[in-house]
Structure formats: structure tokens, C-alpha cells
Amino acid sequence: MVGVAIFVAALLVTPPWQGAQRWWQLSLILSLALIVAEVRPIAISRGMDEPPDQLTISTPFAVALLVVAPLSLVLTVQTVAVLIDDVRTRRPWRKIAYNLAQYVVSLAVARAALALAGGPSISASHESFDHRDVLPTLIAGATFVVVNYLLVALVVSLDTGESFREIVAHDARFTAAMQTVLLSLAPVTAYVAAAQEWMVLLLLLPLLALHRNAEQTMQREFAALRDSLTGLGNRKMFELHGQRRLDEANAERTGSGRSGPTVLLVGLSHFNEINDSLGLAVGDDVLIEVGRRLSATVPDDALTARLGDQFAVMLDDDLPLAEQLAVTLLHRLETPVELGDLRLLVQANIGIAAALDHGSGVEELLRNAAIGMHDSSQHGVRVSVYTPDARDETRDRLRLLSELRVAIDENQFTLVFQPQISVTSGEVVAVEALVRWRHPTRGLVYPDTFIGLAENTGLIAQVTAVVLDQALGAVARLRGEGHQLRVAVNMSARQMSDITLPGLVAEALARHGVPPASLTLEVTETGILNEPARVDAVVRALRDTGVSISVDDYGTGQASLTYLKRLHVDELKIDKSFVIDMRSDSGDAIIVRSTIELAHDLGLRIVAEGVEDAATLALLRRLGSDFAQGWHIGRPMPEPDLRAMLSNRARRRLTVAGQD
Ligand code: C2E
Ligand code: CA
Ligand code: CA
């Protein structure tokens, strides 16, 4: 209202069309400069964690125009400039109206200040701008800037309810510094305009160069916070912007008990394998695709970043919404990634952590989300919200892991041996070596507790090397005492695609002087199905040296018999889950019987494990199983017990033979 009134008044007093020809040219050029400057603000970085400020560089032109042209013309030109800029950037109409009013008022006040300070009067006679005009121009300029600034602060204060004083204080120093520089150009502009109007356009050039330069700086800063591969943010960005969001949320929180913001951490379960087996380029493509799906799924205002092979998302929402998003995200990631003729299944786990108290920072939230993520993969669920329990469990696991490292260094492992008998002769023909960890404080730790951990952390190769060494050592001793035995050693799935394995095995056999035919390596079906081409090569190389391969836990995986035949394995170990109840469960019995028949047709030998009583052993004999292993025959036992058992049996055989 005030703005409109001033505008109308100015038009009536000195209409823009009233004046000399010269003003027209001059005003036209200054107006042009003003409009260009208005739509090319300089972006000014205020540090990476704050949005950039926009500094309008039109001040010198507006003030110069104020000095040399009628107020009505200045207002018209400024209005056009503001309109062009605001409409171009799609500001809401209310905001545009505020903006216009604010400019009109501040220019009018500045004009009054100019007159009070004895500035050049607009008259045809006063054609040049001399040194006496400099100070009034500066005063008018300063008035314009200050009034403008205060009006903006007033509007913001009315709009947000924040204290006017605080808003004024917030940016005062920064604005003062910037505007002082621009204001110093105002008298220069007016001087040049009075002397040779078209040269004003030359003044525009350095300012536009500044605009350009600032824009590039912003782009560089932007790039420093981006992940170049996926276009998402990087860790630095997540930490900076995330912390700001947390601070804002803390400031707003009024003990409502509402959780949030929340952090989701998305981990890809088999990413390392993809990288290792298919190459880094494929790995990159997978990350790009996951990033794309992630961006398409999360809300627009979510903060997203790639952290190595993990993705982090910060939401302003609370836990229930975050969980909902996690489920949607997993659903989107389930669709296989198609890369050329490759179809890759990307499996993900998501951990969620919420900022519940004022203490949590970005780093802590990420750490808690990571614990949730590990927890979810441990428990076979796909999404897990961080809880202190999960934290304790993760801590326990980490402690166990560090103890496992020590165990390897100090060789705290020992082996027990479980006998396998020939079903027909009853003779012990082999033993399976089973590892035990003699833990300094926990006592005897069973493999189920630590083998999985060793597999997930790459320590399994060292554990296997120790087991192989000890097993071959024991067999060499027993052979030396006249007990001809095979020994079976368990391999972990991953190791079967390790091409150095055959060499290591051959070397261990040679070291202990044990013939390769006395060693069987047991591997589960999953181990064989994983990376078939490489496993094929490793199995071939092992069998070429004379070592035999057994498929452990047969029947629990998905390997077809024909596939196993093609792979040239030697033995199937029917899983104990089918054997234990096969006398009472006819389904189990059928599986055992048909497996034995098929295996024999394919030329494979059969071991039935989990034989817990004499009747089962008798049934297996009827069904034609070659070997049997289980508690009924013997529990896993230390080497001295095994030696005693073997000697007893040998003696009994001798006595029986003697009686014949
Ligand atoms: P596995 O290879 O299937 O080993 C057989 C497991 O069944 C052993 O448990 C054995 O004690 C148990 N068992 C033997 N006879 C019977 C029976 O009649 N009834 C029942 N209910 N159970 C029986 P253990 O020693 O606790 O080993 C568990 C698993 O740990 C093994 O399963 C194997 O997968 C893994 N493992 C053991 N030693 C090693 C090793 O040196 N390296 C690797 N990679 N894995 C190992
Ligand atoms: Ca086994
Ligand atoms: Ca088994």
C-alpha cells in the first residue's frame, strides 16, 4: 500500500517522460544495466554446511539511476527488473508484491536522503557529476541498502515470528561488508553515466565476470560434496547437511517424544563377490543402479549419500515411516539388475537408527544404523532397527572376532575325530576331523559359534590351514602305527573357488608324507553352486592330485545329482537330518534310499551321517549305504581316544579271526 502510494506520487510529481532527451538515453542504459544485474545475482558461499546467499549486484546501477533520473523512472525500472527476476524464478505472488513494495519504499527514502544531503538535483543544467556529488550519492546508497535490509528483516520477522532484532543481527555484518564494496561503485557509475552513458555497460562486465566466477566456485563446492559415480552425496555432505538437520530438529523438539530424523543404512550383501568375480566396472554399474533406485524411492527432501558399498539416507520422518520406506526400498532392489546379458540379484540389508535424544550426532546415528544392519543380516531379516541389545550382540561378535585372531596366532585350536565305518565290514575306514577352540576363558567352543564368523571375516582360510595341518599330522602318526585311515576335512564354501587351494593342499600332504588318496575334502552344496566355473577348476585340480571330494549335508541344498556328477565329485554325505529319523519317517527313508541308488548309478560312494542307533545302521546296510558315521558308531573324540578305539577294534578283529 505504502509502496503503491509512493509510486503514484512519484509519477505525478516528475513523470518519467518529463525531461531532456539526454536523460532518456542515460536512463535507458542504466536501466538495461540494472535489469541485467538484477537477474545475475552472485552466489556467495557461506561455508559448505549452509545454503549459498544471493547477492544482487544491481545496487550501484539503482543508486546511480536515482542520482541522475527522476524517481518515477527509477521505480519503474526497478519494478520491471524485480518482476523479471521474480517471475523467472517462479516466486509466489505474495512474495513478489512484498519485494516490489520493499524496493519502492527504500528507493523513495534513499531519494529523500539524497536531497537532504544536497545531492545533484535533476535538472537539465546540472549535466555533470562532480566530486561534490560523491558523498550525497554514498549517503543515498547507504540509506537504500539499510532501509531495504530492515524491510526484509521486518517481513521475515512478521512471517516467522522470530525476533526482529535477531534477524537484523544475523546477517548484518555480512551484508554490510558486501554492500560496502558495491556501494563504492555507485558514484563511479553515476560519474561515468553523466560523462558517457554507454560506458556504464563496461562497468557491467567485471560484475558479470564476478557472477560467473562465483557460479563456478559454487559448482566446485557442490562437486566436493558429491559422489561422482552415483551423483548422490558423499560422506562429507552427509555429515555436514545431516548435522544441520539434526540441529534444526533439536531446536524444534519440544519433548514431544517423537523420534527423528532417522538414518537408514543400506548394505549390499554380496557386493564384494560381484566386484571380485565380475570386475570393478560391473561393481560400479551395480552401485549406479542401486543409487538410481534409491533416489527414485526416497522422498524428495531426504538426504542421500553413498558411503563405499553402502548407502545412507536421512529422513525427517520418525521410525514407523522410516521402516515403511525401508521395506519399499528392499522391494525395489529385489528386481535383478540387468547389465548387458548379466542378471544380478542384489541383496540388501537395511539398518535404521533414530535420533531420539539431543546427544546423537550424524556419526553416532550412522554407527547405530550399521549395528542395525549387521543385526539384520545376522538374524536373517532384511530390516532391523537399532536397539541397545543389537549393540551388545555386535560388541560380543567384535570381541569374539578379536579373540579369534589371537586364537589363530596362538593356535588355540584342537581337533576331534569322528570315525566312519564301512557298513558292510564294520571296519573304521575314515575319520572326520572336527575343530574345537580351546578358549582361555570360555572353555571349549564349538565350531557353530565361530566358523560363520571366520567365514564372514576372511579368517577361515587360516583356520582351515591349521585344521588341515593338524589332521594330516594325526593321520600320519596313526598310519605310522599301522592304522590305514582316510581323513575328511571340512572346507568352507568360499574356499572352493580359491585357485590356490590345490597347491596348498598338495604342499600340506607332502609335508606330512600322507598320500593324497588318504584325504577327503568335504564341501557343502552351496559351496559348489557358488561360481561354478571356478569351483570346477579347483575341484578338477584337487582330484588330479588324488584327493577326493565329498558333498557334505547332501539334500539340504539345491544341487542336482547330475550336476554333481558332471563336477566329478567322489562322495555324497547324506545329511543327518534325513538319517536320524529315517526309521520312523517314511519320507526320510525314501529320500535316503533313492539318494543311495542314484549315487551308485552315478558311481559315487555314499556316507550316511547322524547314525544314532544300531537299527538305523542295519537299515542303511539293507539300503546299500557304503559308509556310516554317527554317535552310535563313535562320538567325535581326541586323537588318543581314537587311537585306543582303533587298537581295540583291531585286537577284537584279531581275536575273532583267531577263533575262526
Ligand atoms: P558337519 O560337517 O555336518 O559335522 C557333523 C556335525 O554333526 C558335528 O558337529 C558332529 O559332532 C555332529 N554329529 C556327528 N554325529 C552325530 C549324530 O549321530 N547325531 C547328531 N545329532 N549329530 C552328530 P560339530 O563338530 O559341532 O560341527 C558342526 C559343524 O561345524 C560341522 O558340521 C561343520 O560344518 C563345521 N565344522 C566343524 N569343523 C570344521 C572345520 O574344521 N572347518 C570348517 N570349515 N567347518 C567345520
Ligand atoms: Ca562335515
Ligand atoms: Ca554334515
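Under this note's numbering, the first residue of the sequence shown carries the number 70, and numbering increases by one thereafter.
Glycine included, every Cβ here is placed at the ideal spot set by N, Cα and C.
Taking 8 Å as the cut-off, one finds at least one heavy atom of ligand 2 near enough to the beta carbon of Ala557. Distances from the alpha-carbon of Asp228 to those of Thr206, Lys164, Met287 and Val174 put Lys164 closest. Residue nearest to Ile98 within the set Leu554, Gln564 and Ala264 is Ala264 (criterion: CA-CA distance). Closest option to Lys642, judged by alpha-carbon separation, among Asp657, Thr493 and Tyr623: Tyr623. For Thr614, the enclosing alpha helix (DSSP H) covers residues Pro601 to Thr614.
Rounded to whole angstroms, Glu472 and Pro707 show a C-alpha spacing of 23 Å.
Excluding its 5 nearest sequence neighbours in each direction, Ala283 has C-beta neighbours in its own chain below 6 Å: Ile111 and Ala112, listed in chain order. By the CB criterion at 9 Å, Met268 and Arg314 fall outside the cutoff.
Taking Glu392 as the centre and dropping the five residues before and after it, the same chain places the C-beta of Ile421, Val452 and Val454 closer than 8 Å to its C-beta, in chain order. In the structure shown, Phe291 adopts helical secondary structure according to DSSP, grouped into three states. Taking C-beta atoms under 8 Å as the contact rule, Pro709 and Val485 fail to qualify, at a distance of about 11 Å. Rounded to the nearest whole angstrom, the CA to CA distance from Ser587 to Glu432 is 54 Å. According to DSSP, residue pairing for Phe482 in a beta bridge involves Trp506. Distances from the CA of Ala74 to each of Gln171, Ile153 and Val136 were compared; the closest alpha carbon is that of Gln171. Taking His280 as the centre and dropping the five residues before and after it, the same chain places the C-beta of Arg109 and Ile111 closer than 6 Å to its C-beta, in chain order.
Segment contact: the region 213-226 against the region 174-188, three or more CB-CB distances shorter than 8 Å; contact assigned. For Arg704, the Cβ falls inside the 8 Å cut-off from some heavy atom of ligand 1. Shown here, Phe519 sits in a helix according to DSSP, grouped into three states. When DSSP states are grouped into helix, strand and coil, Arg674 belongs to the strand group.
CA-CA distance, Thr569 to Val607, rounds to 8 Å. If you look at Thr331, you'll find it in the beta strand (DSSP E) that goes Thr331 to Leu337. Between the region 285-299 and the region 122-130 there are fewer than three C-beta pairs closer than 8 Å, too few to call the two in contact. Set against 8 Å, the gap from the CB of Trp506 to the closest heavy atom of ligand 1 is not smaller. Bounds of any beta strand (DSSP E) do not take in Phe198, whose DSSP letter is neither H nor E. Taking 8 Å as the cut-off, one finds no heavy atom of ligand 3 near enough to the beta carbon of Asp316.
For Pro205, the number of other beta carbons within 10 angstroms of its own is at least 16, and it is reported as buried. Cβ contact annotation for Val143 (same chain, cutoff 6 Å, sequence separation greater than five): Leu134, Leu135 and Leu176, in chain order. Per the coordinates, the alpha-carbon of Ser141 lies some 15 Å from the alpha-carbon of Ala184.
Ala697 is a Cβ neighbour of Glu678, given a cutoff of 9 Å. Closest by C-alpha distance to Leu467, out of Ala687, Asp370 and Ile440, is Ile440. Burial is judged here by how many other beta carbons sit within 10 angstroms of a residue's own beta carbon; Phe198 has at least 16 and is buried. Look at the region 160-194 and you find these whole runs of alpha helix (DSSP H), each 4 residues long or longer: 162-185. In this chain, the alpha helix (DSSP H) harbouring Thr258 covers Phe233 to Ala264. For Met565 and Leu411, the gap between their C-alpha atoms comes out near 23 Å. Residue side-chain check: Ser561 places its Cβ nearer than 8 Å to a non-hydrogen atom of ligand 1.
In the same chain as Asn168, and ignoring 5 residues on each side of it, the C-beta atoms closer than 7 Å to its own belong to Val151 and Asp155, in chain order.
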